[in-house]
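A.B. asks: In case it helps, my numbering puts the sequence shown at residues 59 to 384.
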Amino acid sequence: MIKRLVLGEAGIGVALVLLAGFFVLAAPNFATEQNLRNIMTQITLNTVLAVGMTFVILVGGIDLSVGSAMALCAVVSGTMMAGSSSAGVLIGAILVSMLVGGVVGWLNGFISEQWRVPSFIVTLAMLNIARGAAERYTDAATIYNLPAALNDFGTLTLVGIPAVFWVALVLAGVGWFVLSRTVFGRLIYATGNNEEAVRLSGHKTSRIKIAAFVIAGFTVGVAAILYMARLNIASPILGQGYELNAIAAVVIGGASLMGGRGSMVGTFLGACLLGVLTNGLLLMGVSDFERQIITGLVILVAVVLDAYRLRLARKLAVTQPAKALV
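Structure follows, in structure tokens:
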């Protein structure tokens, strides 16, 4: 029971608290109200992307294209609303951003399932395709003059919490509900655990997997809008490396890259841990190169713990039935 607690979501929460406590003592101004708001703002995009990535990883897939797809969503919707102050245009641009993300996600899932190509390869190709399409769409130019209402939302705070972070919280909450309280969520887990059993029970696993990629695409579209709300620009080179951060948040949160195991709560805590780590190291004056090394080590430790969790689960599965027989 203790091992399960330490290695589960509670363990991630404890690690987050200990890390935050360390930076309170070691990093100047870490515990200030302004810095806490900065952390929430900084982890917003990674949290949103990680919500969608959780669905993909739970079915045993991976999506390396979310950063490039985010750039494509941004330039398409940014071009649409640039220079406009119309609320209708702004709402339309938000929907278009989600639509573009959904289409990219559908293509990833469909190609992977239709031709049985590993999602790693498909999304690696889409990483280049989406990035090239974004640069071609704007001739590699950055889009400015976005609606003031969008920027106002990006700087808005509600009850002392950035509005963009509220969006991430809502998406994480919806993701938690879908995974833990719906039939579709159970099918997501079941497909990652034993795809053949799900197929034999009469469900089309290809549709479930494609749906997971589409959900990831929708969250990419939302992340693109939040990025533009924060920085008031749409650039075809934005989002580089974001896919790795999203995957790291999901893995640190306890999800297995083999599929079938993980949770939205764990993903959220993983994104928070990465955000606190990055912010704290920055305040301590740690260089960018060293921060990358430390972040990489944290991810490596998370992967090792994931392997240990898997061995522990197998050991418990073997020993508990034996005890029951006695």
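Where a beta carbon is used, it is the ideal one built from N, C-alpha and C, also for glycine.
Can you check which of these residues, 95, 69, 116, 110, is closest to residue 244 by C-alpha distance?
C.D. replies: 116
A.B. asks: Looking at the structure shown, is residue 90 part of a helix, part of a strand, or coil, going by DSSP?
C.D. replies: coil
A.B. asks: Enumerate in chain order the residues of its own chain whose CB-to-CB distance from residue 200 is below 8 Å, with the five nearest sequence positions on each side excluded.
C.D. replies: 291, 292, 293, 294
A.B. asks: Strictly by DSSP, which residues pair up with residue 292?
C.D. replies: 201
A.B. asks: For the alpha helix (DSSP H) containing residue 172, name the first residue and the last one.
C.D. replies: 145-172
A.B. asks: Considering only residues of the same chain and omitting the five flanking positions on each side of residue 219, which have a CB-CB separation below 8 Å?
C.D. replies: 95, 98
A.B. asks: For residue 82, which residues in the same chain have their Cβ closer than 6 Å to its Cβ, ignoring the five residues on either side in sequence?
C.D. replies: 88, 89
A.B. asks: Check the C-beta distance from residue 124 over to residue 236 and give it rounded, since I have them as a contact under 8 Å.
C.D. replies: The Cβ separation is near 19 Å, so there is no contact.
A.B. asks: Under 7 Å between the Cβ atoms of residue 281 and residue 107?
C.D. replies: Yes. Within cutoff.
A.B. asks: Where does residue 102 fall in DSSP's three states?
C.D. replies: helix
A.B. asks: Ends of the alpha helix (DSSP H) at residue 40?
C.D. replies: Residue 40 lies beyond the range of the chain shown here (59 to 384); nothing can be said about it.
A.B. asks: Apart from the five residues just before and just after residue 71, which ones in its own chain have a Cβ nearer than 8 Å to its Cβ?
C.D. replies: 327
A.B. asks: Going by other Cβ atoms of all chains shown within 10 Å of its Cβ, with 16 needed for buried, is residue 384 buried or exposed?
C.D. replies: Its pLDDT being 44, under 50, residue 384 is placed unreliably by the model, and the measurement read from it follows with that caveat. When all chains shown are included, residue 384 counts as exposed.
A.B. asks: Look at the alpha carbon of residue 171 and the alpha carbon of residue 79, and state the distance between them as a whole number of angstroms.
C.D. replies: 45 Å
A.B. asks: Okay, do the segment 182-194 and the segment 307-326 touch, 3+ Cβ pairs below 8 Å being the bar?
C.D. replies: Result no; under three Cβ-Cβ pairs closer than 8 Å.
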